[in-house]
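Counting in the numbering used here, the sequence shown runs from 152 upward without gaps. Cβ coordinates follow ideal geometry from the N, Cα and C atoms, glycine included. Keep in mind it's a predicted model, so treat the numbers as computed, not measured.
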Amino acid sequence: MAYQSLLGHSTLLANLRPLECSAERMKALVYHGPGKKMLEDRPVPVLQAPTDAIVRMTHTTICGSDLHILKGDVPSCIPGRILGHEGVGVVERIGDAVTGFKVGDTVLISCITACGKCEYCRRAMYSHCTTGGWILGNEIDGTQAEFVRIPHADLSLYNAPAKVDLEALVMLSDILPTGFECGVLNGKVAPGSTVVIVGAGPVGLSALLTARFFSPAEIIVVDLDQNRLDVARSLGATQTINGTDGHAVETLMKLTGGRGADTAMDAVGVPASFLSCEEMVAAGGTIANIGVHGVKVDLHLERLWSRNITITTRLVDTSTLPMLLKTVRSGRLNPALLITHHFQLAEMMAAYDTFAHAADTKALKVIVTV
Ligand SMILES: NC(=O)c1ccc[n+]([C@@H]2O[C@H](COP(=O)([O-])OP(=O)(O)OC[C@H]3O[C@@H](n4cnc5c(N)ncnc54)[C@H](O)[C@@H]3O)[C@@H](O)[C@H]2O)c1
Ligand SMILES: [Zn+2]
Ligand SMILES: [Zn+2]
Numbered sequence: 152m153a154y155q156s157l158l159g160h161s162t163l164l165a166n167l168r169p170l171e172c173s174a175e176r177m178k179a180l181v182y183h184g185p186g187k188k189m190l191e192d193r194p195v196p197v198l199q200a201p202t203d204a205i206v207r208m209t210h211t212t213i214c215g216s217d218l219h220i221l222k223g224d225v226p227s228c229i230p231g232r233i234l235g236h237e238g239v240g241v242v243e244r245i246g247d248a249v250t251g252f253k254v255g256d257t258v259l260i261s262c263i264t265a266c267g268k269c270e271y272c273r274r275a276m277y278s279h280c281t282t283g284g285w286i287l288g289n290e291i292d293g294t295q296a297e298f299v300r301i302p303h304a305d306l307s308l309y310n311a312p313a314k315v316d317l318e319a320l321v322m323l324s325d326i327l328p329t330g331f332e333c334g335v336l337n338g339k340v341a342p343g344s345t346v347v348i349v350g351a352g353p354v355g356l357s358a359l360l361t362a363r364f365f366s367p368a369e370i371i372v373v374d375l376d377q378n379r380l381d382v383a384r385s386l387g388a389t390q391t392i393n394g395t396d397g398h399a400v401e402t403l404m405k406l407t408g409g410r411g412a413d414t415a416m417d418a419v420g421v422p423a424s425f426l427s428c429e430e431m432v433a434a435g436g437t438i439a440n441i442g443v444h445g446v447k448v449d450l451h452l453e454r455l456w457s458r459n460i461t462i463t464t465r466l467v468d469t470s471t472l473p474m475l476l477k478t479v480r481s482g483r484l485n486p487a488l489l490i491t492h493h494f495q496l497a498e499m500m501a502a503y504d505t506f507a508h509a510a511d512t513k514a515l516k517v518i519v520t521v
């Protein structure tokens, strides 16, 4: 990439006028409205604030949320946006105010941008940062490109630990913290407890992998796709339930002696999955919603009012990334198990096709090498 030849001295580059760099072009996957996307040439991003970094992507991936955008479900993402909020890369340029990183550092990009200073960031609720949150590949250009601009770089990037497989690290940008924070932590998974995870996509499977940190007695996974249930079993599910017969709740009740699950996670995001969690949760238990819901769901308080249950919701904060990075470095967590397919950036359209047809292709996460 010709842009690289511009590099050398970060302070000098930080002072370059945007126009000088925007003449440089790169390949990027661009959203063009519902159902439309294209791999095309775009200007290389430039530093816009002293707290920014420009990262040269080495690996990225596709998320279910990118498919939501392509369905037109995310109005904040307007046509012309470069998609993607996950990935690993190398710091190419750095703003004068960034102190935690330098040019040449290999970094993990959090799907959540955080200023570290606003009221929400001070509570580690980075997802609601007043100048950040989920903006990458949504309100600002994202990571499915050769380069990306990362605002608030000090709080939004993480140094990649030495000797850790970079492909595995990509799983930490979004899905692993999502499963862990929204499902496992909010769901209060505890030693000896019974957990049911409804939905065995990349997020549900991430909840499964990280629920194991707390040694629950049972982790029961429900899905309609037998291949994903087989994967769940190989990742440590103690039981799986194929819900295609419409009797998932009854089966779960039988498996738990009529008690239900202490933690019931909705890792799907449709009314049927949340309603099944309402029926599967044990007295005193927690329904931890992870799924992004697009339509209303009935809450059966006429049944639940006396059951001492808790219902939680959360947008991932990625506040647990430092801890998750340590578990990956030590080998306690192996996120590479979620990777099923590999593509080059030039094959991005094929990568989307494979990911969008998971039932046929058996795709979980695809790694796109840039
Ligand atoms: N809260 C957050 O911050 C956050 C972050 C990332 C993703 N998400 C959401 O998490 C959810 C899961 O993400 P994913 O990438 O794993 O999605 P996915 O679509 O790959 O997986 C969903 C799984 O649910 C299964 N399923 C569908 N209907 C079902 C039903 N009625 N019962 C049981 N299983 C059913 C599907 O077969 C599929 O395997 C999505 O809604 C996604 O948008 C939330
Ligand atoms: Zn995502
Ligand atoms: Zn903030």
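Query                                                                                                  : Result
C-beta contact flag for Val315 and Val479 at 8 Å                                                       : yes
Euclidean distance between Cα positions of Thr257 and Val335                                           : 29 Å
Three CB pairs or more closer than 8 Å across the segment 442-457 and the segment 416-430              : yes
Secondary structure, beta strand (DSSP E): runs of 3+ residues fully inside the segment 349-419        : 369-374, 390-393 and 412-417
DSSP-derived helix/strand/coil call for Glu498                                                         : helix
Three-state secondary structure assigned by DSSP to Ile291                                             : strand
Closer than 7 Å: Cys214 CB and nearest ligand 1 heavy atom                                             : yes
Gly355 beta carbon near ligand 1 (any heavy atom closer than 7 Å)                                      : yes
Among Gly240, Arg273, Arg454 and Ala296, the one whose alpha carbon lies nearest that of Arg176        : Ala296
Between the CA atoms of Ala248 and Gly350 - distance to the nearest angstrom                           : 42 Å
Minimum C-alpha distance to Leu306 - residue among Pro473, Lys513, Arg379 and Pro353                   : Pro473
Environment of Ser457 [buried if 16+ CB atoms lie within 10 Å]                                         : exposed
His236 CB to nearest heavy atom of ligand 2 below 7 Å                                                  : yes
Sub-8 Å separation of Ala204 and Val239 beta-carbons                                                   : no
Under 8 Å between C-beta atoms of Leu317 and Gly235                                                    : no
Cβ neighbours of Ile392 in the same chain (closer than 7 Å, five flanking residues each side left out) : Ile371, Val373, Ala399, Thr402 and Leu403
Environment of Lys268 [buried if 16+ CB atoms lie within 10 Å]                                         : exposed
Under 7 Å, CB to nearest heavy atom of ligand 3: contacting residues                                   : Ala265, Cys266, Gly267, Lys268, Cys269, Tyr271, Cys272, Tyr277, Cys280, Thr281, Thr282 and Gly283
Residue burial classification, Leu323 (beta-carbon count within 10 angstroms, cutoff 16)               : buried
Reduced DSSP category for Asp305 - H, G, I as helix; E, B as strand; rest coil                         : helix
Any 3 or more C-beta pairs closer than 8 Å across the segment 501-521 and the segment 206-222          : yes
Any non-hydrogen atom of ligand 1 closer than 7 Å to His492 Cβ                                         : no
Buried versus exposed, by CB contacts within 10 Å (16 or more), Met189                                 : exposed
Beta-bridge pairing of Tyr277 - partner residues as DSSP gives them                                    : Answer by DSSP bridge pairing: none, since Tyr277 is not bridged.
Residues near Ala368 by beta carbon distance below 7 Å, same chain, minus five either side             : Gly343, Ser344 and Thr345
For Thr361 and Leu327, believed in contact at Cβ under 8 Å, the rounded distance                       : 6 Å
Where the alpha helix (DSSP H) containing Leu320 begins and where it ends                              : Leu317 to Val321
Spatial distance of Ala487 from Glu453 (CA atoms)                                                      : 43 Å
Cβ neighbour criterion (16 or more within 10 Å) applied to Pro201                                      : exposed
Among His219, Leu359, Lys178 and Ala510, nearest to Gly186 - alpha-carbon criterion                    : His219
Residue nearest to Thr281 in terms of C-alpha spacing, selected from Cys272, Lys339 and Gly352         : Cys272
Beta-bridge pairing of Val239 - partner residues as DSSP gives them                                    : His210 and Leu259
DSSP beta-bridge partners of Ile490                                                                    : Lys516
Residues sharing a beta bridge with Thr437, DSSP                                                       : Thr414 and Thr461
Cα-Cα separation between Asp511 and Phe364, rounded to whole angstroms                                 : 32 Å
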